[in-house]
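Below is one structure, written out as structure tokens, with a few remarks after it.
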């Protein structure tokens, strides 16, 4: 599954929340598809390919549990409000996105390496070697910069994995 974070507009946020509140998974799917297809490269989107898995595990308790670990690190990828029952569509408020942005500033390469080396889940499909760590670190750097831009723009964030 490939991961993407979007810093959504207020209008997109309202539409997604209304569809999710109505329990209309099809409407959420359509809105996410519209967001993906119409997105302009403006720094308010970041693709994490498959690295989102290791990033979430490193920032939390080593699992893919959305509630694993401590807030706000837990909300950088899978934590937050699930907007879909069948697919990974996770929503963060503007305030949560700001909290994540602030927290990620404290993560350096050495700290991430310690967390990465502690991953001990047989369900993790990565290699857990130096190349896998470098891939994870490079993507975390991009996610950290993305959250800074989202926070500066006052935007809510949606993470999808398809």
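Numbering (my numbering), first residue to last: 50 to 211.
Cβ atoms here follow ideal geometry from the backbone N, Cα and C, with glycine treated the same way.
It should be emphasised that the depicted structure is a prediction, and the values quoted were computed from it without experimental measurement.
(1) Short check: CB of residue 100 to CB of residue 211, under 8 angstroms?
(2) Which residues in the same chain as residue 193 place their Cβ atom closer than 6 angstroms to its Cβ, once the five residues preceding and following it in sequence are excluded?
(3) Beta carbon of residue 132, beta carbon of residue 77: below 8 angstroms?
(4) Could you compute how far the alpha carbon of residue 208 sits from the alpha carbon of residue 52?
(5) Straight-line CA distance for residue 195 to residue 95?
(6) Under 6 angstroms Cβ to Cβ from residue 64, same chain only, skipping five residues before and after it: list those, please.
(7) Can the beta-carbon of residue 205 be found closer than 8 angstroms to that of residue 142?
(8) Tell me the rounded alpha-carbon separation between residue 168 and residue 56.
(9) At what residue ranges does the stretch 88-164 contain a whole run of the beta strand (DSSP E), taking only runs of 3 or more?
(10) Report yes if the C-beta distance between residue 165 and residue 125 is below 8 angstroms; otherwise report no.
(11) From residue 84 to residue 140, what does the alpha carbon distance come to, in whole angstroms?
From the atom records:
(1) For residue 100 and residue 211, no; Cβs fall outside 8 angstroms.
(2) So the qualifying residues of the chain are 153.
(3) It is a contact, given that the beta carbons lie within the stated cut-off.
(4) Roughly 7 angstroms separates the two Cα atoms.
(5) For the pair residue 195 and residue 95, the Cα-to-Cα distance works out to about 6 angstroms.
(6) The residues are 80.
(7) In terms of Cβ geometry, residue 205 and residue 142 form a close pair [threshold 8 angstroms].
(8) Straight-line spacing of the CA atoms in residue 168 and residue 56 works out to 29 angstroms.
(9) Unbroken beta strand (DSSP E) runs of no fewer than 3 residues, entirely contained in the stretch 88-164, are found at 94-98, 137-141, following chain order.
(10) Result no, Cβ atoms of residue 165 and residue 125 do not sit closer than 8 angstroms.
(11) A direct Cα-to-Cα measurement between residue 84 and residue 140 gives close to 14 angstroms.
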